[in-house]
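Heads up: the sequence shown begins at 5 in the numbering used here, then just goes up one per residue.
Every residue gets a Cβ at the ideal spot worked out from N, C-alpha and C, and that includes glycine.
All figures in this text were calculated on a predicted structure; none of them were measured in a lab.
Here is the structure we will look at, set down as structure tokens.
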Amino acid sequence: MEPTYSLEHLTLIGCSAPELVYTAARAGYDAVSLRLIPMGVEGEFACHPSNRDMMRATRNALAETGLRVHAVELARILAEVEPEAYEPALAVAAELGARHVISSAWTQRRDDRDLIVDRFGRICDLAARYGQRVALEFPCFSRLRTLDEAADIVRAADRPNGGILIDTIYAHFSHLDPAALDALPADWFQFIHVADVPAPVPETRDGMVHIARDDRLYPGEGAFDFTALVDHLPPVVYAIELPNLKRVAELGHEEHARRCLRAAQAVLGGGPRTVPYQQTPGRPVSAHGQTMS
Numbered sequence: 005m006e007p008t009y010s011l012e013h014l015t016l017i018g019c020s021a022p023e024l025v026y027t028a029a030r031a032g033y034d035a036v037s038l039r040l041i042p043m044g045v046e047g048e049f050a051c052h053p054s055n056r057d058m059m060r061a062t063r064n065a066l067a068e069t070g071l072r073v074h075a076v077e078l079a080r081i082l083a084e085v086e087p088e089a090y091e092p093a094l095a096v097a098a099e100l101g102a103r104h105v106i107s108s109a110w111t112q113r114r115d116d117r118d119l120i121v122d123r124f125g126r127i128c129d130l131a132a133r134y135g136q137r138v139a140l141e142f143p144c145f146s147r148l149r150t151l152d153e154a155a156d157i158v159r160a161a162d163r164p165n166g167g168i169l170i171d172t173i174y175a176h177f178s179h180l181d182p183a184a185l186d187a188l189p190a191d192w193f194q195f196i197h198v199a200d201v202p203a204p205v206p207e208t209r210d211g212m213v214h215i216a217r218d219d220r221l222y223p224g225e226g227a228f229d230f231t232a233l234v235d236h237l238p239p240v241v242y243a244i245e246l247p248n249l250k251r252v253a254e255l256g257h258e259e260h261a262r263r264c265l266r267a268a269q270a271v272l273g274g275g276p277r278t279v280p281y282q283q284t285p286g287r288p289v290s291a292h293g294q295t296m297s
């Protein structure tokens with residue numbers, strides 16, 4: 005079976021949701037993941053689920069291209085935010101077809117395990133109402149920095165729809181041993197974030213943040229051993245999360261997305277969609293997500 009490739013919103017963070025769908029389709033992807041819970045980071049196009057025009061344009065883009073929404077992000081675990089605040093985004097994401105929710109912990113204390121377990125469990129309960137699974141990620145500059153820490157939370161929350169999201173750059177930063185995955189339930193792993201990374205692990209938090217948000221590499225350009233990781237995973241969706249500001253500026257959104265996909269396919273297998281999508285001439289998508297006639 006051919007692997008499924010999804011384009012993550014962070015790769016083209018300046019795109020509206022419908023723009024991302026059309027760009028992904030032209031570049032040859034099977035799916036997209038949408039950031040419907042904005043974080044307010046620099047360069048982010050805020051795609052609020054309450055924006056009915058944008059959500060309507062997104063539905064139209066999905067119907068026209070045949071792509072699907074794979075996941076929605078980011079349901080952050082924060083001491084000051086109740087998980088129920090994310091329900092509107094999860095509900096809209098479910099209407100768009102998303103079956104996965106991405107979560108990560110950004111609390112400030114190191115003694116708040118019980119709070120994180122509670123918050124993650126409640127996010128899982130919300131997602132379950134919409135037939136969604138929740139994947140807990142462990143960015144190495146967040147509260148949960150390793151596979152072991154993430155696994156501890158998922159295990160303690162004990163929800164049937166809980167699992168873990170491995171991002172290959174955080175696997176590299178945290179010196180993850182792929183063999184450690186063998187001791188964890190296979191169904192915890194439904195998809196991974198794909199990008200390559202330089203060999204030296206940054207010594208500072210700022211260095212990690214810079215690579216993670218602005219300077220990831222195409223698969224095969226860096227030091228990550230994708231084969232070693234995949235050999236210890238069940239079949240998963242390959243979700244390409246590869247922001248690189250310099251390359252987007254040089255190549256544009258579509259060509260950067262296309263090169264991300266081709267590089268990933270060269271390393272992980274698979275080929276382009278059988279029938280590439282060609283957008284109807286004269287129907288561009290505005291910056292606000294509206295299809296213009």
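Selected residue, minimal CA-CA separation from residue i, among the options
| i | options | result |
| --- | --- | --- |
| H1 | P204, R123, R133 | Any answer about residue 1 is impossible in this case: the structure gives the chain only from 5 up to 297. |
| E258 | C19, T8, Y9 | C19 |
| P53 | I41, V45, T208, A89 | I41 |
| R123 | R149, A161, Q112 | A161 |
| P7 | L14, A29, P239, F142 | P239 |
| L100 | V121, M59, I81 | M59 |
| P143 | A187, R137, C128, R217 | R217 |
| A31 | T231, R262, A268, E46 | R262 |
| Y90 | I127, V201, L24, A184 | I127 |
| G226 | Y9, V241, A203, V213 | A203 |
| A270 | E141, D200, V213, D57 | D200 |
Residue i to residue j span [Cα, whole Å]
| i | j | result |
| --- | --- | --- |
| R163 | L255 | 43 angstroms |
| E86 | Q282 | 42 angstroms |
| W110 | R147 | 5 angstroms |
| A50 | P92 | 15 angstroms |
| L151 | V25 | 31 angstroms |
| A83 | E77 | 18 angstroms |
| H236 | R220 | 23 angstroms |
| G273 | A79 | 30 angstroms |
| T15 | A154 | 24 angstroms |
| V241 | G275 | 14 angstroms |
| Y174 | L130 | 27 angstroms |
| E12 | G166 | 20 angstroms |
| A243 | D116 | 30 angstroms |
DSSP-derived helix/strand/coil call for residue i
| i | result |
| --- | --- |
| T248 | As written in the sequence, residue 248 is Asn, which differs from the Thr given in the question. Three-state DSSP puts N248 in a strand. |
| D219 | strand |
| H260 | helix |
| D186 | helix |
| E77 | strand |
| H197 | strand |
| V241 | strand |
3-residue-minimum beta strand (DSSP E) runs that sit fully inside the region 12 to 51, ordered along the chain = 35 to 39
query = Should the region 105 to 118 be called in touch with the region 64 to 72, which here means at least 3 C-beta pairs below 8 angstroms?
reply = A contact is defined here as three or more CB-CB pairs under 8 angstroms, and the region 105 to 118 fails this definition with respect to the region 64 to 72.
task = Ignoring anything shorter than 4 residues or poking outside the region 154 to 186, list the alpha helix (DSSP H) runs there in chain order.
result = For the alpha helix (DSSP H) assignment, the uninterrupted runs of no fewer than 4 residues enclosed by the region 154 to 186 are, from N- to C-terminal side, 172 to 177.
request  = Identify every run of the alpha helix (DSSP H) within the region 79 to 163, keeping only runs that are complete inside it and at least 4 residues long; order them along the chain.
outcome  = Here the runs fully enclosed are 91 to 100, 117 to 132, 151 to 161.
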